[in-house]
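Peer 1:
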Amino acid sequence: MKLREWTMEEQEQLIHFLTTNTWPFHGNAHPERELIEKTIEDGGYESDEVKTFWVQNDEDVIVGIVKIHDLQDEIPLFDLRIADRYRGFGYGPKALRLITEFVFGMPEEKIRLEGHTRQDNLAMRKTFERAGFVKEAHLRKAWFSPKENSYYDAVTYGMTREDFLAGTTTPVMWEDAGFGEKTKKRIPNVPAEFESERLIIRMPEVEDALDVWNAMRNSQPALKEWMPFAQKAPELHATEENLRQAIADFITRKDLRLHMFSKETGEFVGSTGLHRIDWAIPKFEIGYWLDTKFEGQGLMTEAVERLAGFAFEELNARRVEIRCDEKNVKSRSVAERAGFELEGTLKCDSLSVDGKQLRNTCIYAKIK
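Using the UniProt record's numbering, you'd call the opening residue of the sequence shown number 1 and step up by one each time.
(1) So, for V66: in the same chain, excluding its five sequence neighbours on each side, which residues have a beta-carbon less than 8 Å away from its beta-carbon?
(2) Return the bridge partner residues of E5 from the DSSP annotation.
(3) Determine contact between the region 146–160 and the region 226–240, defined as no fewer than three beta-carbon pairs at a distance below 8 Å.
(4) Measuring alpha carbon to alpha carbon, tell me which residue in K135, M300 and I251 is nearest E205.
(5) On the DSSP bridge list, what partners appear for C362?
(6) N149 to E326, Cα distance in whole Å?
(7) Taking residue 384 and K330 to be in contact with their CB atoms under 8 Å, please state how far apart those CB atoms are, rounded to whole angstroms.
(8) Among K263, E41 and N189, whose alpha-carbon lies nearest the alpha-carbon of L299?
(9) Do the region 301–316 and the region 271–285 make contact, defined as three or more Cβ pairs closer than 8 Å?
(10) Give me the Cα-Cα distance between D278 and E46, rounded to the nearest whole angstrom.
(11) Going by Cα to Cα distance, which pick from A123, N121 and T160 is closest to V134?
(12) Can you tell me where the alpha helix (DSSP H) with G105 in it begins and where it stops?
(13) Taking the alpha carbon of I68 as the reference point, which residue from G90, E34, K110 and F25 has its own alpha carbon closest?
(14) Using 10 angstroms around the beta-carbon of V63, count the other beta-carbons present and answer buried if the total reaches 16, otherwise exposed.
(15) Considering just the uninterrupted stretch of the beta strand (DSSP E) at residue 384, what are its terminal residues?
(16) Which of the three DSSP states is assigned to T265 in this structure?
(17) Looking at the strands, I want to know which residues DSSP matches up with E98.
(18) Helix, strand or coil, according to DSSP, for V172 in the structure here?
(19) Helix, strand or coil for E136 per DSSP?
(20) If we define contact as Cβ-Cβ less than 7 Å, is D349 a contact residue for chain C?
(21) Would you call the region 109–125 and the region 13–27 touching, i.e. three or more CB-CB distances under 8 Å?
(22) Is it buried or exposed, L358, if we count other Cβ atoms within 10 angstroms and call 16 or more buried?
(23) I'd like to confirm the pairing. Which residues does DSSP put opposite V155 in its beta bridges?
(24) CB W226 to CB N328, shorter than 7 Å?
(25) For F89, which of helix, strand or coil comes out of DSSP?
(26) Find out if the Cβ-Cβ distance for the pair A365, E343 is shorter than 7 Å.
(27) In angstroms with no decimal places, state the Cα-to-Cα distance between E313 and G273.
(28) Please go through the same chain and pick out, in chain order, the residues whose beta-carbon is closer than 6 Å to the beta-carbon of G339, but skip the five residues on each side of it.
(29) Going by C-alpha to C-alpha distance, which of I75, D73 and N57 sits closest to Y91?
Encoded structure:
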């Protein structure tokens, strides 16, 4: 991919790009020609303060546009837009990395680069995180949407020059007055992807919906006895909505769902993750389910072993649990093969997923 500087001779191309795509998370979702022409005339796309670039893929096809402004300041801002038909292909993070390289390569040695978006713009938030940016602010009711005539929360992400040059990501330490020692146990950076011997394990994406839906349909008879989500046939739209919430929870570190894919074939294998998180300790609970066509290959045990190691090594976990129904022999076998110790059984602790029987819960754990 590359950035190619926009020129005034490409005014019509710019107008066409902005008016034929939709921008639901911008103040003006459907900009009109007259407004764009006036902005161009006023130097809103090319001046000492502003530079505009086309985002081109490896085939030199224009897939987006970026405007970098406040270039005379030490802290520039940017506006990145990917065309409708090219969203979901990973162009956003790649473009943002190129933007970052351009800004920090300027002779003026900029201090930082930052961007803002609506709190519910999950695609852009994921773009920030994948490009190494850090969430630095959450502003309540700070983003007005004329279309809905309402205010949304806004978030700010930033990249410092020091982090860019070192290739690191430094989380913000929230040590405001009144929080004291408690905030020193900050939430560590969580990689979006890691691997085991046979698996790629990564955060969920909306584009996974069809794979997840097919796996749940294929495995429903086996999962129905143990999983609440398997009590009825899954619906694709509900799966998509569930994934959007999972992505939001991952970004905010409330819950870390992870999807597993075969390195060999690229197929979706199943879902796991770190749940019921207590960052103050930190401690986590591992959950998991597998597409039944992959049973008997040891993949779930491999994933749990890798995830537990990831929690201890990367997230500084002191305790990792697995909880399951006492009668769920397959789940218990995974915990035992992965080296978890049975600490106890809670009698009459829960109801079966159909709500008809009292069940006992086994608690397995590893500690550091």
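Glycine included, every Cβ here is placed at the ideal spot set by N, Cα and C. It should be emphasised that the depicted structure is a prediction, and the values quoted were computed from it without experimental measurement.
Peer 2: Let me spell this out:
(1) L3, T52, F53, V55, F78, D79, L80, R81, A95 and I99
(2) F53
(3) no
(4) I251
(5) C324 and T345
(6) 52 Å
(7) Nothing about residue 384 can be read from this structure; the chain reaches only from 1 to 368.
(8) K263
(9) yes
(10) 48 Å
(11) T160
(12) Taken as a continuous stretch (DSSP letters only), G105 belongs to no alpha helix (DSSP H), as it is neither H nor E.
(13) K110
(14) buried
(15) The question about residue 384 has no answer, for the chain in this structure spans 1 to 368.
(16) coil
(17) Note on identity: in this sequence residue 98 is Leu, with Glu being the wrong assignment. DSSP lists no partner for L98.
(18) coil
(19) strand
(20) Looking at the structure shown, chain C is missing, and only one protein chain is on hand.
(21) yes
(22) exposed
(23) T117 and H138
(24) Note that the C-beta distance between W226 and N328 is below 7 Å.
(25) Here F89 sits in coil by DSSP.
(26) yes
(27) In a straight line, the C-alpha of E313 is about 15 Å away from that of G273.
(28) none
(29) N57
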